[in-house]
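Input: a single structure, listed below in structure tokens.
Residue numbers (the working numbering), protein chains in the order written: chain S, 3 to 73; chain L, 16 to 457.
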């Protein structure tokens, strides 16, 4: 597997992260705990995918985690 | 030796050393900035040391950061009314699971883990199980009490993750566990080295031959360093007719080290997930490549209760060779070489109780258990090694031979007490085989 394949995977992981965030927000907005909490669990797994892949590709800004949390 | 699907993560595990080092540095910088921002404990600790996270730009800079001790973590929790004290980075609604250390040295540390942390624990274990050749349809029995100690919990979830069926054998006697193993045709066991030996002993009392009646193929050991002590490893392998793999971890740090299927005599450090340093305990500077040092660890991805440069107090030595498995993760030669807090002075000689294990387990006529007692008698330190003699063994000869071998290995005269089989304590987790009575004698 080469860097191109890595980037392709990383793109899919980003899409998944975005979808997880959206589902979580929708679950919260619509008082739908099954959606909200399963999406939270999904996001925990997505973050492990990021640890496996994305850290290799993207330079880490030490403040990025905080920025993401406050956005 | 690498073949298709050898690695759980083929990118990380084979990264060239310079890229791995660069990845570790950037992940360390992120972990430090996160701890500084979210952990009241680290904000205060780094503030006292006059360190701002953005000043850390190289590995040499990392050495400026003070290490973290277990007693600091204990104080941060016992001096607070909140459960996790000033160590916790997240609000309580974000904590998914509680564990605690076994508390062999003082008050147990309460460990908070978030959902992500818990996935991360399983991921660390998945990496090591995959490296040890565990694959579906392996059927893993976990004879573990499933209590407050993290022990094999994450191993359980990692088995699920990699597709190995789990038999959670908590709440059963050892005999019932053997029965379950037989009934369900378990192919692998996850337990401490001590308990692997104990289970074999129990199987024999049930008139079963572990090798021919139970057909276990692989055993993954954790909780104690025994699986890489050659005499102990050989003993477990011959008792079960199985391959035995070591693993190292700590509640505060995570599942950081593993022996791979190549079994090259060392323990890999999962360097994409952990920064491990070997330091001189006095100067806190890195030891030379051929020197033994104390292990200081930083988990690079932990969220709820991170530690930065945590002193594990285990002693280790970097291997000069890379493993034939093809991983670029470095090896600790011979695994963990004992704990600094168990290194005691006896009659002026530094004495490590684990040395006794490597001697005792070489004798076929001795049982699996032993106990070391140091006490003061007539103002002199006295070391007693209690072992169990198997029936039919020549007690006089064993007594003499064991005393001689212990003297050679430890440099001390050790008194040997031969006990009947089954009389010394048995342990499931964290065997306590070393008793120092001198403090009480004074």
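Glycine included, every Cβ here is placed at the ideal spot set by N, Cα and C.
**Asked** Can you list the residues of chain S that residue 135 (chain L) reaches, using a CB-CB cut of under 9 Å?
**Response** Neighbours of residue 135 (chain L) on chain S, chain order: 46, 49, 50, 53.
**Message:** What does the alpha-carbon distance come out to for the pair residue 100 (chain L) and residue 178 (chain L)?
**Reply:** Approximately 37 Å, taken between the alpha carbons.
**Asked** Hey, quick one: how far does the beta strand (DSSP E) through residue 294 (chain L) stretch, first residue to last?
**Response** Per DSSP, residue 294 (chain L) belongs to the beta strand (DSSP E) from 289 to 294.
**Message:** Taking the alpha-carbon of residue 144 (chain L) as reference, which of L:108, L:276, L:400, L:433 has the nearest alpha-carbon?
**Reply:** With distances taken between Cα atoms, residue 144 (chain L) lies closest to L:276.
**Request:** Please classify residue 285 (chain L): is it buried, with 16 or more other beta-carbons within 10 angstroms of its beta-carbon, or exposed?
**Result:** The residue is buried, with at least 16 neighbouring Cβ atoms inside 10 Å.
**Message:** Taking the alpha carbon of residue 42 (chain L) as the reference point, which residue from L:260, L:365, L:396, L:289 has its own alpha carbon closest?
**Reply:** For the residues L:260, L:365, L:396, L:289, the minimum Cα distance to residue 42 (chain L) belongs to L:289.
**Message:** From the DSSP secondary-structure annotation, give me the bridge partner or partners of residue 129 (chain L).
**Reply:** For residue 129 (chain L), which the question treats as bridged, DSSP gives the partners L:110.
**Message:** List, in chain order, every chain L residue whose beta-carbon is nearer than 9 Å to that of residue 6 (chain S).
**Reply:** The contacting residues do not exist; residue 6 (chain S) stays about 13 Å from chain L at best.
**Message:** Against chain S, does residue 79 (chain L) count as a neighbour if the rule is that its beta carbon must be under 9 Å from one of theirs?
**Reply:** Closer than 9 Å: no.
**Request:** Could you check if residue 412 (chain L) is buried or exposed, using at least 16 other CB atoms within 10 Å of its CB as the buried criterion?
**Result:** An exposed status is given to residue 412 (chain L), since fewer than 16 other beta-carbon atoms sit within 10 Å of its beta-carbon.
**Prompt:** For residue 55 (chain L), which of L:32, L:78, L:85, L:91 has the nearest alpha-carbon?
**Reply:** Nearest neighbour of residue 55 (chain L) by Cα position, chosen from L:32, L:78, L:85, L:91, turns out to be L:91.
**Prompt:** Going by DSSP, what residues sit across from residue 115 (chain L) in a beta bridge?
**Reply:** Partner(s): L:125.
**Message:** Check this for me: beta carbons of residue 291 (chain L) and residue 322 (chain L), under 9 Å apart or not?
**Reply:** Contact: no.
**Item:** Range of the contiguous alpha helix (DSSP H) that encloses residue 213 (chain L)
**Value:** Taken as a continuous stretch (DSSP letters only), the alpha helix (DSSP H) holding residue 213 (chain L) covers 208 to 220.
**Asked** Excluding sequence positions up to five away, which residues of its chain have a Cβ less than 6 Å from the Cβ of residue 22 (chain L)?
**Response** For residue 22 (chain L), the CB contacts under 6 Å within the same chain, skipping 5 residues up- and downstream, are 28 in chain order.
**Message:** Considering just the uninterrupted stretch of the alpha helix (DSSP H) at residue 40 (chain S), what are its terminal residues?
**Reply:** Taken as a continuous stretch (DSSP letters only), the alpha helix (DSSP H) holding residue 40 (chain S) covers 35 to 54.
**Request:** Please list the partners that residue 16 (chain S) has in chain L, where partner means a Cβ-to-Cβ separation under 9 Å.
**Result:** Within chain L, not a single residue places a beta-carbon under 9 Å from that of residue 16 (chain S); the smallest gap is close to 17 Å.
**Asked** Apart from the five residues just before and just after residue 172 (chain L), which ones in its own chain have a Cβ nearer than 6 Å to its Cβ?
**Response** Closer than 6 Å at the Cβ level, and outside the excluded window around residue 172 (chain L), lie 137.
**8 Å contact criterion, which residue 231 (chain L) and residue 251 (chain L) should meet: CB distance rounded** = Between residue 251 (chain L) and residue 231 (chain L) the Cβ distance is about 10 Å, and since that is not below 8 Å, they are no contact.
**Prompt:** Given that a residue counts as buried once 16 or more other Cβ atoms are within 10 Å of its Cβ, and exposed if not, what is residue 67 (chain L)?
**Reply:** Here residue 67 (chain L) is exposed, its C-beta having fewer than 16 other C-beta atoms within 10 Å.
**Prompt:** Hey, quick one: how far does the beta strand (DSSP E) through residue 258 (chain L) stretch, first residue to last?
**Reply:** From DSSP, the beta strand (DSSP E) with residue 258 (chain L) extends over 258 to 265.
**Asked** Cβ atoms of residue 217 (chain L) and residue 258 (chain L): under 9 Å apart, would you say?
**Response** Result no, Cβ atoms of residue 258 (chain L) and residue 217 (chain L) do not sit closer than 9 Å.
**Stretch-stretch touch, CB-based, cutoff 8 Å, three pairs: the segment 96 to 116 of chain L with the segment 298 to 305 of chain L** = With the cut-off at 8 Å, the segment 96 to 116 of chain L and the segment 298 to 305 of chain L do not touch.
**Prompt:** Using the rule of at least 16 other Cβ atoms within 10 Å of the residue's Cβ for burial, across every protein chain shown, is residue 210 (chain L) buried or exposed?
**Reply:** With 16 or more other Cβ atoms within 10 Å, it is buried.
**Message:** Using the Cβ count rule (16 or more neighbours within 10 Å means buried), how would you classify residue 63 (chain L)?
**Reply:** Under this definition residue 63 (chain L) is an exposed residue.
**Prompt:** Of all the residues that make up the segment 38 to 66 of chain L, which are near chain S by a beta-carbon distance shorter than 7 Å?
**Reply:** Answer in chain order: 38, 41, 42, 44, 45, 48, 49, 52.
**Integer Cβ distance of residue 260 (chain L) from residue 147 (chain L), believed to fall under 8 Å** = Going by Cβ atoms, the distance from residue 260 (chain L) to residue 147 (chain L) rounds to 4 Å, so yes, they are a contact pair.
**Prompt:** Since residue 6 (chain S) is in the alpha helix (DSSP H), which residue starts that stretch and which ends it?
**Reply:** First-last of the alpha helix (DSSP H) with residue 6 (chain S): 5 to 31.
**Request:** Specify, as a first and last residue, the run of the beta strand (DSSP E) that residue 385 (chain L) falls within.
**Result:** Element bounds for residue 385 (chain L): 381 to 392.
**Request:** Measure the C-alpha to C-alpha separation of residue 410 (chain L) and residue 404 (chain L) and round it to an integer number of angstroms.
**Result:** About 7 Å.
**Same chain, Cβ closer than 6 Å to residue 140 (chain L), five either side skipped, listed in chain order** = Excluding sequence positions up to five before and after residue 140 (chain L), its CB lies within less than 6 Å of the CB of 169, 170, 173, 270, all in the same chain and listed in chain order.
**Request:** Measure from the C-beta of residue 342 (chain L) to each C-beta in chain S and report whether the shortest distance is under 9 Å.
**Result:** No, because no Cβ of chain S sits closer than 9 Å to the Cβ of residue 342 (chain L).
**Message:** Taking only three categories from DSSP, how would you classify residue 43 (chain L)?
**Reply:** DSSP places residue 43 (chain L) within a helical segment (H, G or I) once states are collapsed to three.
**Asked** Roughly how many angstroms separate the alpha carbons of residue 282 (chain L) and residue 28 (chain S), rounded to a whole number?
**Response** For the pair residue 282 (chain L) and residue 28 (chain S), the Cα-to-Cα distance works out to about 46 Å.
**Positions along the segment 122 to 146 of chain L whose CB lies within less than 9 Å of some CB in chain S** = Listed in sequence order: 129, 130, 131, 132, 133, 134, 135, 137, 138.
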